[in-house]
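Heads up: take any position in the sequence shown, counting from 1, add 307, and you land on the numbering used here. Ideal Cβ placement from N, Cα and C applies to all residues, glycine included. All remarks here apply to the structure that follows.
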Amino acid sequence: MTNLLINAVVGKNKDVNDPKIRGKYAALAGITGILLNILLFAGKLTMGILSFSVAIIADAFNNISDAGSSIVTLLGVRLANKPVDKEHPLGHGRYEYIAGFIVDMLIILVGFELLKGSIEKIIEPVLPNVGNATFIILGASILVKVWLFFFYRKIGNTIQSAPVKAAAADSLSDCIATTLVLCSALAARIWGVQIDGWAGILVAVFILFTGLKAAKETIDLLLGSTPDPAFIENIYEFVKGYPRIVGIHDVMVHDYGPGRQIVSFHAEVPADSDINVAHEDVDKMERDMHEKFGCIVTVHLDPLVVDDPLVNELRALAENAAKDVNETFSIHDFRMTKGETHINLIFDLVMPTDCPVCAKDAEKQVTEKIKNLRPECACVIRVEHPFV
308 MTNLLINAVV
318 GKNKDVNDPK
328 IRGKYAALAG
338 ITGILLNILL
348 FAGKLTMGIL
358 SFSVAIIADA
368 FNNISDAGSS
378 IVTLLGVRLA
388 NKPVDKEHPL
398 GHGRYEYIAG
408 FIVDMLIILV
418 GFELLKGSIE
428 KIIEPVLPNV
438 GNATFIILGA
448 SILVKVWLFF
458 FYRKIGNTIQ
468 SAPVKAAAAD
478 SLSDCIATTL
488 VLCSALAARI
498 WGVQIDGWAG
508 ILVAVFILFT
518 GLKAAKETID
528 LLLGSTPDPA
538 FIENIYEFVK
548 GYPRIVGIHD
558 VMVHDYGPGR
568 QIVSFHAEVP
578 ADSDINVAHE
588 DVDKMERDMH
598 EKFGCIVTVH
608 LDPLVVDDPL
618 VNELRALAEN
628 AAKDVNETFS
638 IHDFRMTKGE
648 THINLIFDLV
658 MPTDCPVCAK
668 DAEKQVTEKI
678 KNLRPECACV
688 IRVEHPFV
């Protein structure tokens with residue numbers, strides 16, 4: 308069913324880097340969510356009023372908030388696809404993340420309101436009057452939400468959309484919530500037990516947990532989170548296809564919304580390379596990466612001495628010293644300058660952000676290990692943290 312809808316709306320062109328194609332995917336997710344959630348709201352609200360069940364009524368309003376979330380998703384993607392302008396030269400892609408955050412806040416709001424109503428129901432209990440139609444509506448709702456979960460998940464992963472992924476998580480929590488409401492209705496029908504308010508509290512907790520978890524993930528995107536390790540691995544593998552590039556470091560990924568990434572890194576080339584040839588290689592690599600990954604790429608050339616025995620020896624010494632201090636340490640941008648009385652070793656020391664050793668102590672320990680073996684060496688170290 309999902310593939311049938313995608314093929315009917317999106318068509319044969321599935322290039323998600325094309326804003327128009329992304330828009331079609333988002334429109335399909337949004338409109339489908341609006342229609343189905345409005346139908347579920349109408350059915351549950353009717354049954355909830357007729358049966359005097361606060362849990363069913365709350366579940367109904369949860370569905371109408373989901374319809375509102377779908378509208379926000381549609382609006383967010385539409386705004387994100389606006390072309391660049393003078394005030395926003397990097398585009399409007401983060402509108403989609405903002406839309407996702409609004410959806411998360413709506414989910415949390417529904418959870419709080421449901422929690423409040425459920426507590427009131429416990430204080431002043433009324434036994435629900437549940438009929439067969441109620442069970443049919445609730446059962447159908449669970450099936451619809453299960454399908455929506457897989458539907459949203461497929462589209463969210465395809466276009467890497469924060470609000471659509473949030474809708475998928477919300478649909479899964481709705482399945483659990485409606486199942487609890489169904490159990491509450493069964494208890495009232497079979498045993499005459501009033502657990503409506505308690506079921507409502509459990510539903511509220513699930514909704515709040517889902518909303519808070521999704522909000523954290525969206526805030527991470529807005530603040531700037533660690534890029535996908537698979538994407539970074541693909542970059543390293545891609546660069547191996549350029550034999551004159553010795554290696555890369557200082558990889559950075561700036562995320563300005565789905566499909567709007569800027570990648571930068573330093574490419575190491577032999578110091579005796581022809582600068583024009585090296586520049587041509589880097590230009591080609593930038594164009595090829597843009598074509599393959601759909602991102603803007605900026606590469607900085609770093610000359611690397613590879614055929615000087617003394618440089619190679621001292622570089623290995625610095626690398627080993629860093630590893631001796633901490634296995635997670637590494638170095639790059641190594642240079643050597645010889646004076647009359649000493650040798651300057653200039654390099655960057657890379658240490659993890661969660662390393663227990665402070666930057667100054669790390670620099671001091673690495674310097675001491677090098678000087679113990681080569682007293683004539685003076686170290687000029689810049690400590691930095693990885694961005695990926």
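*Between the CA atoms of E524 and T441 - distance to the nearest angstrom*: If you number the sequence shown from 1, residue 441 lands on position 134. If you number the sequence shown from 1, residue 524 lands on position 217. Their Cα atoms are separated by approximately 36 Å.
*Roughly how many angstroms lie between the CA atoms of T485 and V453, to the nearest whole one?*
As a position in the sequence shown, residue 485 is number 178, starting the count at 1. As a position in the sequence shown, residue 453 is number 146, starting the count at 1. If you draw a straight line from the Cα of T485 to the Cα of V453, it is about 11 Å long.
_Chain-order list of residues whose beta-carbon lies under 7 Å from that of K678 (same chain, five-residue window excluded)_ = For the purposes of this step, residue 678 is identified with residue 371 of the sequence shown, where counting begins at 1. Closer than 7 Å at the Cβ level, and outside the excluded window around K678, lie C684.
*Is G400 helix, strand or coil when you go by DSSP?*
For the purposes of this step, residue 400 is taken as the residue at position 93 of the sequence shown. Three-state DSSP puts G400 in coil, outside helix and strand.
*So is Y404 buried or exposed if we call it buried at 16+ other beta carbons inside 10 Å?*
As a first step, residue 404 is located in the sequence shown; it is residue number 97 there, counting from the start. Label assigned to Y404: buried.
_Which of helix, strand or coil DSSP assigns to E749_ = Nothing can be reported for residue 749, as the shown portion of the chain is limited to 308 through 695.
*Taking N298 as part of the alpha helix (DSSP H), name the residues at either end of that continuous run.*
The shown model of the chain, from 308 to 695, leaves out residue 298, and the question about it has no answer.
*Can the beta-carbon of A511 be found less than 9 Å from the beta-carbon of S425?*
Here residue 511 refers to the residue found at position 204 when the sequence shown is read from its first residue. Here residue 425 refers to the residue found at position 118 when the sequence shown is read from its first residue. Their beta carbons are under 9 Å apart, which means A511 touches S425 by this criterion.
*Can you say whether L450 is buried or exposed, counting buried as having 16 or more other CB atoms within 10 angstroms of its CB?*
Position 143 of the sequence shown, counting from 1, holds the residue named residue 450. With fewer than 16 other Cβ atoms within 10 Å, it is exposed.
*Is it right to say E575 is buried, meaning 16 or more other beta carbons lie within 10 angstroms of its own, or is it exposed?*
Within the sequence shown, numbered from 1, the residue matching residue 575 stands at position 268. Counting the other Cβ atoms within 10 Å of the Cβ of E575 gives 16 or more, which makes it buried.
*From S478 to K599, what distance separates their C-alpha atoms?*
Against the sequence shown, residue 478 aligns to sequence position 171. Against the sequence shown, residue 599 aligns to sequence position 292. Whole-angstrom Cα-Cα distance: 33 Å.
*At which residues does the alpha helix (DSSP H) containing I444 begin and terminate?*
Start at 1 with the first residue of the sequence shown, and residue 444 comes out as number 137. Note, I444: alpha helix (DSSP H), 439-466.
*Answer yes or no: do N633 and M643 have a C-beta to C-beta separation smaller than 9 Å?*
For this step, residue 633 is matched to residue 326 along the sequence shown. For this step, residue 643 is matched to residue 336 along the sequence shown. The answer is no: Cβ separation not under 9 Å.
*Start and end of the beta strand (DSSP E) containing H696?*
An answer regarding residue 696 cannot be provided, because it is not within the stretch 308 to 695 covered by the chain.
*Taking the alpha helix (DSSP H) that P470 falls in, what are its first and last residues?*
By 1-based counting over the sequence shown, the position of residue 470 is 163. Counting along the chain, the unbroken alpha helix (DSSP H) around P470 starts and ends at 469-497.
_Excluding the 5 residues flanking V546 on each side, which residues of the same chain have their C-beta closer than 6 Å to its C-beta?_
Start at 1 with the first residue of the sequence shown, and residue 546 comes out as number 239. In the same chain as V546, and ignoring 5 residues on each side of it, the C-beta atoms closer than 6 Å to its own belong to I552, I555, in chain order.
*If we ignore side chains and look at the alpha-carbon of each, how far apart do S571 and M559 end up?*
Numbered from its first residue, the sequence shown carries residue 571 at position 264. Numbered from its first residue, the sequence shown carries residue 559 at position 252. Rounded to the nearest angstrom, the two C-alpha atoms are 5 Å apart.
*F419, buried or exposed, once every other Cβ within 10 Å from all chains shown has been counted against 16*: For the purposes of this step, residue 419 is taken as the residue at position 112 of the sequence shown. The C-beta of F419 has fewer than 16 other C-beta atoms within 10 Å across all chains shown, which makes the residue exposed.
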